[in-house]
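Numbering (this note's numbering), first residue to last: 25 to 314.
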């Protein structure tokens with residue numbers, strides 16, 4: 025059976041150690057701050073997340089731009105030349121044009137390399153939700169799954185990858201059009217914290233609100249309790265926007281309630297963090313539905 029490579033992009037927010045452990049290839053996406061463009065590598069070589077979030081807290085604004093087809097083609101073509109097949113698992117099409125670029129690159133490369141198998145999947149996931157789906161794909165591959173079997177498992181299960189998150193500052197969501205200016209002002213005054221998720225179309229949706237930070241963190245775990253499948257036996261991912269102590273609080277709550285053994289915590293990278301802001305806390309797990 026031909027070997028195949030699993031490729032994703034850096035919006036999956038996987039650490040460099042996890043990328044190495046999972047034997048992944050990661051395309052770094054770009055972000056711009058103070059007029060300079062950086063690439064979001066898993067090892068944070070161009071900007072440390074703490075520096076990035078310090079800049080946001082000081083009032084700097086960051087922007088992101090879609091990766092182009094040429095960048096995907098340049099990444100993938102050497103693998104095809106080396107005789108590898110490729111499965112690309114991309115950032116949600118509901119939040120970015122990254123998947124469209126990957127699909128265009130795949131279509132172009134299929135014509136050049138008709139003997140190779142190359143597939144692109146829209147994960148409809150973001151941050152470490154995308155990362156957790158990729159993690160599961162790697163496990164299926166290591167269990168002996170073919171490229172088609174792994175692709176099909178991802179397609180069949182991606183809408184079970186639950187994303188629940190909250191943010192500390194509604195003004196970042198306001199800039200992205202996720203909440204109104206009035207909601208941001210009133211919510212900030214009253215310490216109202218939104219509880220959001222990623223829906224079946226891969227969009228961010230406001231699902232409720234909590235009074236105060238601690239209540240919003242508890243609400244994330246409450247949602248896990250309502251929909252998680254065999255929570256104690258799962259691997260759970262948590263990502264955070266420079267608020268590690270809050271991530272560890274949520275992890276402790278999950279361990280206490282469900283007996284989860286394997287919880288992975290990492291930063292929300294700059295590509296996602298530009299839109300969600302410092303203090304973002306997100307929880308990811310497999311459930312009966314999103």
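Each residue gets a CB set at the ideal place from its N, CA and C atoms; glycine is no exception.
Exercise for the section: Inspect the beta-carbon positions of residue 133 and residue 104 and report whether they are closer than 8 angstroms. Expected result: Taking the chain shown and counting its residues from 1, the one referred to as residue 133 is at position 109. Taking the chain shown and counting its residues from 1, the one referred to as residue 104 is at position 80. In contact: residue 133 and residue 104 (Cβ atoms closer than 8 angstroms).
Problem - Enclosing beta strand (DSSP E) for residue 85 [first to last residue] - result: By 1-based counting over the chain shown, the position of residue 85 is 61. Note, residue 85: premise wrong, no beta strand (DSSP E); not H, not E.
Practice task
Answer yes if the stretch 234-241 comes into contact with the stretch 279-288, meaning at least three C-beta pairs across the two stretches below 8 angstroms, and no otherwise.
Solution key: no
Problem - Extent of the continuous alpha helix (DSSP H) to which residue 99 belongs - result: Residue 99 sits at position 75 when you count from the first residue of the chain shown. Here the alpha helix (DSSP H) through residue 99 covers 93-105.
Practice task
Return the residue from the list 124, 252 and 55 that minimises the CA-CA distance to residue 93.
Solution key: Taking the first residue of the chain shown as 1, we reach residue 93 at position 69. The shortest C-alpha separation from residue 93 is found at 124.
Problem - Rounded distance between the beta-carbons of residue 271 and residue 296, thought under 8 angstroms - result: Taking the first residue of the chain shown as position 1, residue 296 is located at position 272. Taking the first residue of the chain shown as position 1, residue 271 is located at position 247. Actually they do not touch by this definition, with Cβ atoms about 15 angstroms apart.
Practice task
Would you kindly check if the distance between the Cβ of residue 186 and the Cβ of residue 87 is under 8 angstroms?
Solution key: The residue labelled residue 87 in the question sits at position 63 within the chain shown. The residue labelled residue 186 in the question sits at position 162 within the chain shown. Against a cut-off of 8 angstroms, the Cβ pair of residue 186 and residue 87 comes out as no contact.
Exercise for the section: Report buried or exposed for residue 69, applying the criterion of at least 16 other Cβ atoms within 10 angstroms of its Cβ. Expected result: Position 45 of the chain shown, counted from the first residue, corresponds to residue 69. Counting Cβ neighbours within 10 Å, residue 69 comes out exposed, since fewer than 16 surround it.
Exercise for the section: With a 10 Å radius around its C-beta and 16 neighbouring C-beta atoms as the bar for buried, classify residue 291 as buried or exposed. Expected result: Translated into the one-based positions of the chain shown, residue 291 becomes position 267. Classification of residue 291: buried, given that the 10 Å Cβ count is 16 or more.
Problem - Segment limits, beta strand (DSSP E) that includes residue 131 - result: Within the chain shown, numbered from 1, the residue matching residue 131 stands at position 107. Careful: residue 131 lies outside any beta strand (DSSP E), inside the alpha helix (DSSP H) at 122-136.
Problem - residue 56 - containing beta strand (DSSP E), residue span - result: Here residue 56 corresponds to residue number 32 of the chain shown, with the count starting at 1. Note, residue 56: beta strand (DSSP E), 53-57.
Handout entry: Distance, residue 91 Cα to residue 277 Cα
Key = The count along the chain shown starts at 1 and reaches residue 277 at position 253. The count along the chain shown starts at 1 and reaches residue 91 at position 67. When rounded, the distance between both Cα atoms is 37 angstroms.
Handout entry: Euclidean distance between Cα positions of residue 67 and residue 97
Key = Locating residue 67 in the chain shown gives position 43, counting from the first residue. Locating residue 97 in the chain shown gives position 73, counting from the first residue. If I take the Cα positions, the gap works out to 22 angstroms.
Exercise for the section: Check residue 308 in the structure and name its three-state DSSP category. Expected result: Here the question's residue 308 lines up with position 284 in the chain shown. It is a strand residue.
Practice task
May I ask which residues mark the beginning and end of the beta strand (DSSP E) holding residue 113?
Solution key: Reading the chain shown from its first residue, position 89 is the one you call residue 113. From DSSP, the beta strand (DSSP E) with residue 113 extends over 109-114.
Handout entry: Proximity test, residue 295 beta-carbon vs the ligand ADP heavy atom, cut-off 7 angstroms
Key = Summarising the ligand content, the structure contains no ligands, and the ligand ADP is consequently not present.
Practice task
Give the straight-line distance between the Cα atoms of residue 265 and residue 39, rounded to the nearest whole angstrom.
Solution key: Stepping through the chain shown from its first residue, residue 265 is reached at position 241. Stepping through the chain shown from its first residue, residue 39 is reached at position 15. If you take the alpha carbons of residue 265 and residue 39, they lie about 14 angstroms apart.
Handout entry: Limits of the unbroken alpha helix (DSSP H) element including residue 139
Key = In the chain shown, the residue the question calls residue 139 occupies position 115. Counting along the chain, residue 139 falls outside any alpha helix (DSSP H), and DSSP gives it neither H nor E.
Problem - Opposing strand residues paired with residue 81 [DSSP bridges] - result: Indexing the chain shown from 1 puts residue 81 at position 57. Residue 81 is not bridged to any residue.
Exercise for the section: Count the other CB atoms, across all protein chains shown, that sit within 10 Å of the CB of residue 248; report buried if there are 16 or more and exposed otherwise. Expected result: Counting from 1 along the chain shown, the entry for residue 248 is found at position 224. Result: buried.
Problem - Chain-order list of residues whose beta-carbon lies under 6 angstroms from that of residue 141 (same chain, five-residue window excluded) - result: For this step, residue 141 is matched to residue 117 along the chain shown. Once the five neighbours on either side are set aside, the close Cβ partners of residue 141 are 109 and 171.
Problem - Alpha-carbon spacing of residue 4 relative to residue 231, whole angstroms - result: Residue 4 cannot be examined here, being either before or after the span of the chain that is shown, 25 to 314.
Problem - Nearest-angstrom Cα separation, counted from residue 280 out to residue 268 - result: Here residue 268 is taken as the residue at index 244 of the chain shown, counted from 1. Here residue 280 is taken as the residue at index 256 of the chain shown, counted from 1. Answer to the nearest angstrom: the Cα atoms are 18 angstroms apart.
Problem - Whole-angstrom C-beta distance between residue 293 and residue 41, which should lie under 8 angstroms - result: For the purposes of this step, residue 41 is taken as the residue at position 17 of the chain shown. For the purposes of this step, residue 293 is taken as the residue at position 269 of the chain shown. Their Cβ separation, rounded to whole angstroms, is 15 angstroms, which puts residue 41 and residue 293 out of contact at 8 angstroms.
Handout entry: Local conformation of residue 147 per DSSP, three classes
Key = Within the chain shown, the letter at position 123 stands for residue 147. The answer is coil: DSSP assigns residue 147 none of H, G, I, E or B.
Exercise for the section: Pick helix, strand or coil for residue 69, following the three-state DSSP scheme. Expected result: By 1-based counting over the chain shown, the position of residue 69 is 45. Residue state, collapsed to three classes: coil.
Exercise for the section: Identify, in the order they occur along the chain, each residue of the same chain with its Cβ nearer than 6 angstroms to the Cβ of residue 118, setting aside the five sequence neighbours on each side. Expected result: In the chain shown, residue 118 corresponds to position 94, counting from 1. Contacts found: 225, 226 and 227.
Problem - Short CB-CB distance (under 8 angstroms) between residue 58 and chain C - result: Included in the structure is just one protein chain, with no chain C present.
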